[in-house]
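Here this note's numbering is used: position 182 in the sequence shown is 200, and no number is missing along the way.
Backbone N, C-alpha and C fix where the C-beta goes; we use that ideal spot for every residue, glycine too.
First the structure, in the form of structure tokens, and then the observations on it.
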Amino acid sequence: TTLFRSWLWAEQRRLHQETRLGIPALVHEECLTGLAAWQATTYPTPLAWGASFDADLVEGMAGAIGASMRQLGIHQGLAPVLDVIRDPRWGRVDECIGEDPYLVGALGVAYVRGLQSAGVHATLKHFLGYSGSRAGRNHAPVSIGRRELLDIFAPPFEMAIKDGGARSVMNAYNDIDGVPAGASAELLTDLLRGEWGFDGVVVADYFAVAFLAIMHRGAADRAAAAALALEAGIDVELP
């Protein structure tokens, strides 16, 4: 972590002193089971959080994770995962909290409060319906009705925004009935900002903007994909 901090601070000085606008970087990192850096502390998997039913413990853990990130100069953490488990074959189940939307939401709120108490923005992911993929395949299409979407998949995100004050949301890779989440103004603008009043930052999951062209085939090229994502409501492309 000392090497990471030295490198990061040197890079921030370079950006501030040597680039045209002099604006330092907004730094993000994975932090689901602790900061993803060499020699950083690793904590239990989210499945264990769900098994504990202990929101206070999760909040304390997230606070400790956030403190280590803040010390290094990291501004944004790419967690928690609020996908509700629907099919145990799905390959990202080990990143999830559980099968009950309320439990996922309650512990998600705790994680957000803990991380953000240290001054690190939490990022809710993956918005929306990601874990409902066909046959449990990652990135696979999702075919669900609006009621299932809003009753099962949406509540943890709504709770983490309204009760936890989450500052960032990350789109999902999947499509829902043929519309990619990364190009869905219905999800990223109408529901998220219009109905829930979210006023934070929407970030793309890694390469999700490019995937609108190369995976979903909904855009002729990456420039067109960027336009779709921007119009839908994505503010920042990661990475």
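Check	Outcome
Helix or strand or just coil, what does DSSP make of GLN57?	coil
Are the Cβ atoms of ALA190 and LEU146 separated by less than 8 Å?	yes
Between which two residues does the beta strand (DSSP E) containing THR264 stretch?	No answer is possible for residue 264: it lies beyond the span of the chain, which begins at 19 and ends at 257.
Just checking my contact of GLY91 with GLN134 at CB under 8 Å: how many whole Å lie between their CB atoms?	Their Cβ separation, rounded to whole angstroms, is 16 Å, which puts GLY91 and GLN134 out of contact at 8 Å.
Between the C-alpha atoms of VAL219 and MET188, what's the straight-line distance to the nearest angstrom?	9 Å
ASP78: which of PRO98, TYR129, ILE103, GLN57 sits nearest, CA to CA?	At residue 78 the sequence reads Gly, which differs from the Asp that was named. Comparing Cα positions, the closest option is TYR129.
The beta strand (DSSP E) spanning VAL221 covers which residue range?	219-221
Curious, which full-length alpha helix (DSSP H) runs of at least 4 residues does the segment 160-239 contain?	173-180, 226-232
In its own chain, which residues sit with a C-beta less than 6 Å from the C-beta of GLY182, not counting the 5 before and 5 after it?	VAL127, VAL130, ARG131
Put VAL99 into one of helix, strand or coil per three-state DSSP.	strand
Which of the three DSSP states is assigned to GLU47 in this structure?	strand
Could you give the uninterrupted runs of the alpha helix (DSSP H) lying entirely in the segment 60-137, keeping only those of 4 residues or more?	64-70, 73-90, 119-135
Have a look at THR37 and ASP72 and give me their C-alpha separation to the nearest angstrom.	46 Å
For LYS143 and GLU113, what's the separation of their Cα atoms in angstroms?	11 Å
Identify which residue in ARG88, ILE83, ARG104, GLY109 has its Cα closest to the Cα of ALA97.	ILE83
Run through DSSP, which three-state label would GLY52 get?	strand
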